[in-house]
Structure formats: C-alpha cells, structure tokens
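Read left to right, the sequence shown gives residues -26 to -1, 1 to 431 (mature numbering (1 follows the signal peptide of the UniProt record, and there is no 0)). We put the CB at the ideal spot given by N, CA and C, even for glycine. What you are looking at is a predicted structure, and each value in this text was computed from that prediction instead of being measured.
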Amino acid sequence: MKMEGKGLKLVLLASLLLNLYQSCSVFWTTNTGPRPGWSREASAEAEAAAAIPCSAHGRAFLDSLVVDGAPTCECNTCYVGADCSELSPDCSADVDSGDPVFLEPYWQKHAASSAVLVSGWHRMTYKTTGDNFISVELEKHIRRLHAAAGNAVADDRFIVFGTGSTQLINALVHALSPDSPSSSPPARVFASAPFYPVYELQTDFFDSREYEWEEGAASDFANASNGNFIEFVTSPNNPDSLLRRSVLGGSSVIYDHCYYWPHYTAIPAPADGDVMLFSNSKISGHASSRFGWALIKDKRVYERATKYIQLNSMGVSRDSQLRILKVMKAMLAEMKGEEGVFEFGYATMRERWRRLSSLVSSSNLFSLQQLSPQYCTYFRKIRDPSPAYGWLKCEMEQHRDCEAFLRSEGVITRGGAIFHSDSRYTRLSLIKTQDDFELLMLKMEALINKETSHTSF
Ligand SMILES: Cc1ncc(COP(=O)(O)O)c(C=O)c1O
C-alpha cells in the first residue's frame, strides 16, 4: 500500500510538472510572443552576409545571389572577381543614373543605429496606426526632420506618402486637375527646360481627360496666370542643380524639392509652397525602399491625392515605412553633430564638386553650370556648392552631341535632349559610389590631357 501511494505521488508530480511545462510554452508562444532569443538567428545571418569580404569595391546582401550556400559579392561598376578586387580594363565610367549610393559608407558606419529586424509576423494587416495607410510615428518623424533641417514648413500641412516620389508625381497632377473634366478643359501640365523627364513621361503615359502635357517655353504662355496650368518647379533642379522659382506664376505649382536638403544645396529659407514633393531616396540614400511624401496645404487637393494612392496601391509598403522610420530616427539622433548625415553628405558632395569643377576649368573643352557659395540656415554659414549633378557643356564646335562624344571616350552620361535641352549639354551624376566618381575623374583627366596635347601641336 505504502509503495502504491509513493508511486501515485510520483505520477502526480510528473503530471504536474508536465502541465506546468506545457502551460509555460503556451504562455510564451501565445501571451508574450516567441521565446526570447528568437532574433539571434536573423541577426547572425545579417552579420554573416555583411562580413563577406568584397574588398572595398562591393558588398554582399542577404538576398544577393547564393553560390555554394553563401551570398556572393555585388561589385561596383568596372570591378569584377569573387571579391570585386579586379578592375576591368577599358571599362567605361558610368555616371548616368541618379542612384544615391554615395551615402552607403555613412550607413555602414552607422550600422547599429540604422538596422531594424523584421519579425515574421510584423504588421501583417493592411492596417496602420494612422488613417490612409500611414504610420503616425513616421509622419511625426518626417515633420521633425523638416524642422531640424529647416528646409520646409511642415506644420499645418497634410502629408501623403507615396511609393517613391515617383508615385506621387501623377497623384499630384490628378489632385490639381479639374474635378469635372467633362465641363472644363483639361489642365495643361508644364515644366520649363531643362527638366526631369518623368513629369512629361507620366503625364503622357497615364493619358487622362483631366490633364495634358504642354510643350514649349514659358514665354509662349503670356497669360498663364489666368490659364489652367499645373507647373512643375524642381528646386534645386535636376539636371542643373539651380534653385528655381515658378516661371508661369499660375496658381497650381508642384514644387519638387527632392534635392532641397543640406547635402546638395544651401538652405536659404524654409520652402513654403502649397504642394511640395520630397523623396527619401535623396535624403538617406535608401532609393530601394521606394518612399516619398508630399506636403499639401489644401484639404481638397490632399483628399484627391490620398484617393489616388488608395486606389493605386493601398498605401506604401508597411515594411518600407518601418525601415524609413528607423533611418529617420538614426538621422535625427546625429543631427547637427559631427556624425550627421547632412554633414557627411555635404562634405562628400562638396569635395566631388571641387575636384570636378577644377578639372573642367583647366581646359577649354567643357564648362559646368555656375554655382556660388551661399548662406545656409542649416549650417549657419556661407557654404560652398555641393550639387547632385554636373550639367556639362561641350564647348568645341565639333562636339555637338556631348553625350555621344563622352560615350566614345568611355564616359556614360545622360544627354541634354532627355531633359528637353540642347544636346551640347549632358548630365554627370555625382551621387553614385566613390568608385564611379574616381573612374569619372580618371577618364575626364585622360580625355582633357589627350585633347590639349592634340591642340598644342
Ligand atoms: C527631381 C526628381 N523628382 C523625383 C524623383 C523620384 O525619386 P523617388 O521615386 O526615388 O522618390 C527623382 C529621382 O531621381 C528626381 O530626380
């Protein structure tokens, strides 16, 4: 009997312990989420990819091509080999696209403050914390960023998020077009040359009864202030990096301020347009996240733009919003300090511009746009130019197509005709990798030396 009682007690104890274990695991997985330490594997995986040696001319990502079970290096242009250490001979310098990868070293240095770990169940719903699919925290941080940079009046403005500012271009054209296109003529969409070509390409492509692209120079539209115009004003401008104002003086202006940040220009005063467009791609360099926003004064315009985004994509990817929130927090934490992103961006771009402009001015072959030092309210001093793009002119009579001439000499640029300008001009992107910039300098130096030695005979 005694033994039986003891056995019973043991069975009871074992079942109690089992129950306790089971309720603990149910508690961990249902009440407080998964077991602590669940993120270790993801973090180790991310660190392993970042540690793959790609010399200083490439990097491996978690989603890079996998060979033999490990991600492989993605090399900078003209660099090849498993670790990107070989410079490919006779490779052309490529300064065509406006890919803002010059900020990559900044984020590699700020790896800890900018990394964000996305759990498998992170915000699976369509819902966000705010109306119209926007994250309230991200909205707050955007307003803080504008206040810290002093580049735009963001208080008392509505915000619309877009999948890149690219999505917002047509959303804003729609929002500013007539409500009832059947009873009023279509809005005439205009930008003065040279201008970013996507405004025209989208307006023509989305081809609506509400609006149409208007060819011509500002002087062709003497009575534009009375007409039904939507004018794009890009300031600083892409391609020539000049600060611009409206030339038509009409009531509907979309100010594209993608480059109105202290890396690229002095900030003389906060921008205060009724409709202003911004792109995270050019601020933090995360073009891949496809995130942009518009600040809008008028409620009706805001509602029309919001409806467009709702029907077009049901808002911006929530994963992107999470990543950009983290990046904005990291930028704000370092603002105005030695480690600031604007400080890094300005120093890099100023140095590139100094080197390029001094090389160009050493010959009569080319000229660049004229930019002068200007007082900047962010840096609280007069600062040197640091544009995103060089707008290069071929000065020799025989080089009528500047882009073709440079291409034949191993420099890939974006020709003036694309920006509705003269083909004597071409755009050099200065915001790509340091390797791209160094190759550009090498090729331009060789070209200038060759041409000057020809003419001196
Ligand atoms: C003037 C201008 N606006 C808008 C964009 C689009 O930027 P994103 O769609 O990456 O925000 C660009 C990109 O180069 C640009 O130069």
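Residue i: first and last residue of the uninterrupted alpha helix (DSSP H) it sits in
i, result
"F273", "The question names Phe, yet the displayed sequence has Lys at residue 273. Run containing K273: 273 to 287, per the alpha helix (DSSP H) assignment."
"F195", "Unbroken run through F195: none, as it is neither H nor E."
"D230", "Element bounds for D230: not the alpha helix (DSSP H) but the beta strand (DSSP E), 226 to 230."
"V127", "No alpha helix (DSSP H) contains V127, which DSSP labels as neither H nor E."
"R14", "14 to 24"
Spatially closest choice to residue i from the options, by CA coordinates
i, options, result
"P242", "S139, S258, L217", "L217"
"R219", "I356, T280, D246, A121", "D246"
"F411", "R357, E313, A362, P171", "A362"
"I204", "L296, H237, P152, A167", "P152"
"L269", "H394, P27, A145, L61", "A145"
"D68", "M418, K424, I422", "M418"
"S157", "R183, Q141, V163", "R183"
"Q348", "L404, F340, Y238, F316", "Y238"
"S397", "T407, M370, L404, L413", "M370"
"L36", "V290, A22, V110", "A22"
"S395", "S166, E60, W235", "S166"
Sequence-distant residues of its chain with Cβ nearer than 6 Å to residue i (five each side left out)
i, result
"D178", "W187"
"R388", "D70, R401"
"T208", "Y170, D230"
"S226", "L150, I204"
Where residue i sits in the DSSP three-state scheme
i, result
"M(-26)", "With a pLDDT of 47 at M(-26), under the threshold of 50, the predicted position of this residue should be treated as unreliable, though the coordinate-derived value follows. DSSP places M(-26) in coil when its eight states are reduced to three."
"C376", "helix"
"T103", "coil"
"W327", "helix"
"S253", "strand"
"P8", "coil"
"L175", "helix"
"Q348", "strand"
"S341", "strand"
"W81", "helix"
"G389", "strand"
"G266", "strand"
"T426", "helix"
"V207", "strand"
"G75", "Looking at the sequence itself, residue 75 is Val, so the reference to Gly does not match. Three-state DSSP puts V75 in a helix."
Sequence-distant residues of the same chain with beta carbon closer than 7 Å to residue i, five excluded per side
i, result
"E113", "G104, I133"
"P244", "G124, N125, A126, V127"
"W267", "I116, I133, V134, F135, G136, F252"
"N254", "H260, S263, F265, G266, I298"
Near ligand 3: residue i beta-carbon under 7 Å from a heavy atom
i, result
"R357", "Ligand 3 is not among the ligands present in this structure, which contains only ligand 1."
Boundaries of the beta strand (DSSP E) in which residue i is found, first to last residue
i, result
"Y363", "363 to 368"
"R297", "Careful: R297 lies outside any beta strand (DSSP E), inside the alpha helix (DSSP H) at 292 to 308."
"K406", "Note, K406: premise wrong, no beta strand (DSSP E); not H, not E."
"V134", "132 to 137"
Cut-off 8 Å between Cβ atoms - residues of its own chain near residue i, not counting five sequence neighbours on either side
i, result
"A122", "L306, M309, K310"
"D73", "A261, S403, I405, K406"
Q) When a residue counts only if its C-beta is closer than 6 Å to some heavy atom of ligand 1, which residues count, in chain order? A) G72, G138, S139, T140, Y170, T208, N212, D230, C232, S253, S255, A261, G266
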